[in-house]
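One structure below.
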Amino acid sequence: MKKIAFASDYDNTLYMHGIIRRGISKKDEKAIRAFQDKGGLFGLCTGRPYHGFFRDPVINRLRIDFYIASTGAHILDGDGGILFEKTVPHDIAKDIFSFGKEAYRHSLQVDGDFYLYGKSGMRPEPRIQSFDEIRGRKLYAFSFHLPTEEGAAALASRINETYGSDVAAYQNKKDIDVVAAGCSKGKGALFIKEHFGLDAIAGMGDSMNDEPLVMSADVGFTFPSAPAALKDSADRLAKSVGDALNQIEMIYE
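Quick note: the sequence shown uses the numbering used here, first residue 422, plus one each step.
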C-alpha cells in the first residue's frame, strides 16, 4: 500500500451519539488497526480541543498518529507534539461575542482545553467569566450554540462578512465554530499530507463543517445519510469509517 493517511471527524463519524449506536464500533477499531498495520496513518480531524482526547479512555484504546484539533487551528503528532498552531486575538473574539447574543451557549478552547463562557449553569464543564481570565493564554477557537440551524447559518455568514480577514466561522448544524483565518479541517489535512510526505490523504465527515476536509482530501468520504451538499462534495459514500478504510485499501493497494 502507498504511504497514506486517513483523517476522520470524531462526533457522529467515528464516535456515534445515537441511542441504538453509541461509541466507537469494534468493527471500526479493527479496521483502523488493520490499516495501521499495513503502514497507514490514522488521525482525528475535529472541532474539539486536543486535551479532551488525550484524557479520553475511548480514544486511548486506539493508536492515533496525528490530531487536527480545534478545526485545524491546533495540529499535533501522536505524542502530543505541536506541529502547527494559530490563535485568535482576544480583542477580535471579544468583539465577535457581542454578535452572538441570540446564542444560548458560548464556549472557548483555551490552551487545548474546553471552557463554557458566562454565568454558571447546570453543565459540569469549567467556566470562564471574562476574557480577562485568559489574558496571555492561547485561544484556538470559540463556539456558539444557536436555537435553530437557520440562526446558526445567519450568524456564521455575518461573522465571516464582518471579520473574514481575521477569522473563519464554520456552521455545524446549530453550532458555529470560529477559528483564525486560514484555518480549516481541509488545510489541516493538507498540512498532515505534506508534513509526513504522504502519497495521499483521505478524509471522512458527517456534517457541513466537514466539507473543507472532504473536498481537500485526495479521497473524501461521507455517509449516505449526510446532507445533500456534502454528498455532492464527496468522492465516495461509506457506511462507516471501517467501510471507508476498506475502500481506501482497494484504491491504493
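Backbone N, C-alpha and C fix where the C-beta goes; we use that ideal spot for every residue, glycine too.
- Ile425 carries a strand assignment under DSSP once its states are collapsed to helix, strand and coil.
- Cβ atoms of Tyr525 and His566 come within 8 Å of each other, at about 6 Å.
- Proximity to Asp430 across Glu674, Gln668 and Ser661 peaks at Ser661, based on C-alpha coordinates.
- With distances taken between CA atoms, Ile445 lies nearest to Asp477 out of Gly609, Asp477, Asp553 and Pro648.
- By the CB criterion at 9 Å, Glu632 and Gly603 fall outside the cutoff.
- In the three-state DSSP reduction, Gly609 falls in the helix class (H, G or I).
- Of the other Cβ atoms in all chains shown, 16 or more fall within 10 Å of the Cβ of Gly533; this residue is therefore buried.
- In this structure, Leu537 lies away from Ile555, with their beta-carbon atoms at least 9 Å apart.
- Taking the Cβ atoms as the reference, Gly499 lies roughly 5 Å from Ile485, within the contact range of under 8 Å.
- Distances from the alpha-carbon of Lys594 to those of Arg454, Asp432 and Lys423 put Asp432 closest.
- Taking each of Lys507, Ser551 and Ala665 in turn and checking the Cα distance to Lys540, the smallest one comes out for Ser551.
- According to DSSP, Ser528 shares a beta bridge with Leu537 and Ser564.
- Looking at Ala650, Ile669, Ile597 and His616, the one whose alpha-carbon comes closest to that of Ser491 is Ile597.
- Taking Ala452 as the centre and dropping the five residues before and after it, the same chain places the C-beta of Gly663 and Leu666 closer than 6 Å to its C-beta, in chain order.
- In this structure, DSSP gives Tyr431 a state outside helix and strand, which the three-state scheme calls coil.
- Under a 10 Å Cβ-count criterion, Pro645 is classified as exposed, with fewer than 16 other Cβ atoms of the shown protein chains found around its own Cβ.
- The Cβ atoms of Ile613 and Ile496 lie closer than 9 Å to each other.
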